[in-house]
Amino acid sequence: MAENGSLDQFLAAAVDAAQKAGQVIRKGFYETKHVEHKGQVDLVTETDKGCEELVFNHLKQLFPNHKFIGEETTAANGVTELTDEPTWIVDPLDGTTNFVHGFPFVCVSIGLTIGKVPVVGVVYNPIMDEMFTGVQGKGAFLNGKPIKVSTQSELVTALLLAEAGTKRDKATLDDATNRINSLLTKVRSLRMGGSCALDLCGVACGRGDIFYEIGFGGPWDIAAGIVIVREAGGLIFDPSGKELDITSQRIAASNASLKELFVEALRLTNIFFAALNYRRQVMDAQAKKKALFRSKLNAKKKETRIDSPLVRYNESDQPVCRVCNIVLKSESLWDVHQASRKHHEAIDNLKASAAGVQRSSKPAETKPTKLESSAAALSSKSQTSSGLPPNFFESSIKHPESAEVESSKPKNVHQGSETNKTKGPLPDGFFDNQKIDSSITKPPVILNRVRHRPRDEYKEFEKLIQEDLQVVDSRMEEEEVDAAETIEEEEQREQRSYKVKVEILKKRKMELKAARLAKRSKTSEGSVKKPKKTEEESPSDDEDDEDSAVDWRAQHV
Numbered sequence: 000m001a002e003n004g005s006l007d008q009f010l011a012a013a014v015d016a017a018q019k020a021g022q023v024i025r026k027g028f029y030e031t032k033h034v035e036h037k038g039q040v041d042l043v044t045e046t047d048k049g050c051e052e053l054v055f056n057h058l059k060q061l062f063p064n065h066k067f068i069g070e071e072t073t074a075a076n077g078v079t080e081l082t083d084e085p086t087w088i089v090d091p092l093d094g095t096t097n098f099v100h101g102f103p104f105v106c107v108s109i110g111l112t113i114g115k116v117p118v119v120g121v122v123y124n125p126i127m128d129e130m131f132t133g134v135q136g137k138g139a140f141l142n143g144k145p146i147k148v149s150t151q152s153e154l155v156t157a158l159l160l161a162e163a164g165t166k167r168d169k170a171t172l173d174d175a176t177n178r179i180n181s182l183l184t185k186v187r188s189l190r191m192g193g194s195c196a197l198d199l200c201g202v203a204c205g206r207g208d209i210f211y212e213i214g215f216g217g218p219w220d221i222a223a224g225i226v227i228v229r230e231a232g233g234l235i236f237d238p239s240g241k242e243l244d245i246t247s248q249r250i251a252a253s254n255a256s257l258k259e260l261f262v263e264a265l266r267l268t269n270i271f272f273a274a275l276n277y278r279r280q281v282m283d284a285q286a287k288k289k290a291l292f293r294s295k296l297n298a299k300k301k302e303t304r305i306d307s308p309l310v311r312y313n314e315s316d317q318p319v320c321r322v323c324n325i326v327l328k329s330e331s332l333w334d335v336h337q338a339s340r341k342h343h344e345a346i347d348n349l350k351a352s353a354a355g356v357q358r359s360s361k362p363a364e365t366k367p368t369k370l371e372s373s374a375a376a377l378s379s380k381s382q383t384s385s386g387l388p389p390n391f392f393e394s395s396i397k398h399p400e401s402a403e404v405e406s407s408k409p410k411n412v413h414q415g416s417e418t419n420k421t422k423g424p425l426p427d428g429f430f431d432n433q434k435i436d437s438s439i440t441k442p443p444v445i446l447n448r449v450r451h452r453p454r455d456e457y458k459e460f461e462k463l464i465q466e467d468l469q470v471v472d473s474r475m476e477e478e479e480v481d482a483a484e485t486i487e488e489e490e491q492r493e494q495r496s497y498k499v500k501v502e503i504l505k506k507r508k509m510e511l512k513a514a515r516l517a518k519r520s521k522t523s524e525g526s527v528k529k530p531k532k533t534e535e536e537s538p539s540d541d542e543d544d545e546d547s548a549v550d551w552r553a554q555h556v
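Each step along the sequence shown adds one to the number in numbering that gives the first Met the number 0, with nothing skipped, and position 333 is 332.
Here you go:
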């Protein structure tokens with residue numbers, strides 16, 4: 000120690016180095032920064048690197064035999080082991096994110112450890128010009144004036160200083176936010192400054208009552224602040240209440256009155272959220288189990304998918320009839336649906352519509368003119384009424400049929416009687432020709448109506464009932480699975496409660512046993528101390544009987 004200098008010399012050297020680095024920080028604070036990323040929230044600037052080099056060069060000139068650990072050199076070269084030799088631990092710019100954003104909560108932190116114990120600490124905020132110093136056994140100071148921790152003794156009125164750490168994975172963030180949410184209900188308020196070293200100094204000078212952080216960068220964040228808090232009358236400890244390990248990335252600081260209260264509050268918080276995480280893990284396992292069951296069920300459903308062009312599957316993986324556009328509740332109902340009346344009617348309608356489209360797609364025939372239609376009507380009328388050959392009246396030659404008609408005419412004598420016979424209306428269809436009519440007239444369309452027998456309707460009704468029963472069975476299977484899982488959870492919970500009751504009964508049994516033993520020991524001691532009566536002092540029962548007998552005789556004499 001004498002070879003390397005005294006603690007006061009170490010403090011003076013650290014103060015000089017901090018002031019020189021502070022000038023660089025103050026200059027860069029108001030200039031444009033060139034930022035590099037070591038992580039999502041861990042930034043580094045040229046100011047960090049320049050300040051660390053400046054501090055190390057200054058201290059190495061004065062103490063060449065000392066060892067040095069710095070944030071930036073450790074990030075570049077790997078972790079440096081902390082030994083028992085005098086070691087300077089330096090954070091050239093604590094609060095780099097604040098520095099980049101122009102938030103004046105930045106500092107240079109310089110600490111000296113001997114035997115892995117911090118003995119000298121200097122924390123300098125050049126923007127606010129606050130110099131915190133501390134030397135083992137000589138007190139803590141702010142700009143040369145002594146400082147002390149607060150005298151707050153109740154957690155509910157305490158101001159908590161905390162940081163979220165440097166990691167941003169979901170599990171770490173959940174733990175940090177859970178702790179903060181729980182502690183906020185137990186303290187007055189919370190502050191997050193963004194600088195671990197300045198938070199420790201805040202506890203040392205009474206600005207804050209408690210500080211804790213889990214998952215900070217390294218020992219360079221706390222080496223100087225530890226000395227300052229301890230020399231200000233505060234306590235440095237692990238958040239669990241144990242002794243601090245400077246390399247564990249876990250720290251808490253408070254006055255003596257608040258330590259146990261804070262540790263207990265944090266312990267209960269950790270227990271609560273550990274139980275909550277366990278419950279969440281159990282629920283996740285159950286959800287995975289259900290998902291596995293569902294996947295197996297879906298795989299089984301895929302094996303029974305209907306392979307038919309008349310079936311498609313909707314977004315819910317349910318079969319849909321393309322003809323009827325009806326959603327089937329399960330694949331087993333496809334055969335029943337195919338045999339249903341509604342399905343057959345839909346197919347007939349499709350066929351009829353397809354036939355109508357084909358007829359409408361044929362080329363339209365040319366319509367005859369009015370003259371042609373009238374001539375055709377006359378010719379058809381003449382053919383249907385008289386049965387004469389076509390163009391009969393167009394020829395000037397006398398047809399043999401007309402000669403036969405004339406020869407068959409009766410004489411004048413009988414003309415009157417014949418005319419009398421032909422008087423009156425002719426019967427219907429007299430001039431019709433059945434051969435020609437049969438060739439022209441289309442046969443009537445006879446619609447064969449399908450008669451539905453009651454027996455067939457009853458069969459369809461039975462199929463519908465079977466369909467509903469299958470749906471009910473599938474739902475009951477799902478409900479049975481859910482009920483089985485619920486029963487299993489209830490049984491586990493009941494077993495745990497029984498186990499707790501058994502433990503309570505065992506404890507009660509031991510207490511009763513101990514009480515009986517204590518009672519027996521007391522009674523045995525009392526019996527030993529109590530004097531025994533002699534046979535002479537205590538009259539016997541026989542003597543009492545004789546006395547009573549004598550008295551009885553005397554009464555009757």
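Just so it is clear, CB atoms sit at the ideal spot from N, CA and C, and this is done for glycine as well.
Being a predicted model, the structure only gives us computed values, none of them experimental.
- Beta-bridge partners assigned by DSSP to Y211: A161 and A251.
- Here G355 is not bridged, per DSSP, to any residue.
- DSSP, reduced to helix, strand and coil, places T86 within a strand of the structure shown.
- Excluding sequence positions up to five before and after E330, its CB lies within less than 8 Å of the CB of K300, T303, R304, I305 and P318, all in the same chain and listed in chain order.
- Contact between A273 and F261 does not hold, since the beta-carbon distance rounds to 18 Å and is not under 8 Å.
- Note that the segment 58-74 does not touch the segment 169-176; fewer than 3 beta-carbon pairs, one per stretch, sit closer than 8 Å.
- Taking a C-beta distance under 8 Å as the contact criterion, G205 and K147 qualify as a contact pair.
- The beta carbon of L10 sits closer than 8 Å to those of V119, V121, T132 and V134, all from its chain and outside the five residues before and after it, given in chain order.
- Per the Cβ contact rule, the segment 18-34 is not in contact with the segment 155-171 (fewer than 3 Cβ pairs under 8 Å).
- Counting only residues of its own chain and dropping the five nearest sequence neighbours on each side, K328 has a CB closer than 6 Å to the CB of V470.
- Taking I221 as reference, the option from V310, I24, I109 and Q280 with the minimal CA-CA separation is I109.
- Taking G217 as reference, the option from A286, A16, T79 and A513 with the minimal CA-CA separation is T79.
- DSSP, reduced to helix, strand and coil, places S329 outside both helices and strands of the structure shown, so it counts as coil.
- The C-beta distance from I24 to V105 rounds to 6 Å, short enough to meet the 8 Å contact threshold.
- In the structure shown, G240 falls within a coil segment according to DSSP collapsed to helix, strand and coil.
- Secondary structure note for S181: its alpha helix (DSSP H) is the uninterrupted segment K169 to L183.
- Contact fails between the segment 135-143 and the segment 239-259, because fewer than three Cβ pairs, one in each stretch, are under 8 Å apart.
- Per the DSSP secondary-structure output, G69 pairs in a beta bridge with V89.
- Closest in C-alpha terms to P63, from the list C50, E84, T46 and G49, comes E84.
- Taking the C-beta atoms as reference points, A17 is found no nearer than 8 Å to L58.
- Per DSSP, the continuous alpha helix (DSSP H) segment holding T95 begins and ends at T95 to H100.
- Contact between the segment 459-468 and the segment 334-349 is present, with at least three C-beta pairs closer than 8 Å.
- Approximately 7 Å separates the beta-carbon atoms of Q151 and S256; this is inside 8 Å, confirming the contact.
- For V322, same chain residues with a beta-carbon under 7 Å away, outside a window of 5 residues either side, are L309, H342, A345, I346 and L349 in chain order.
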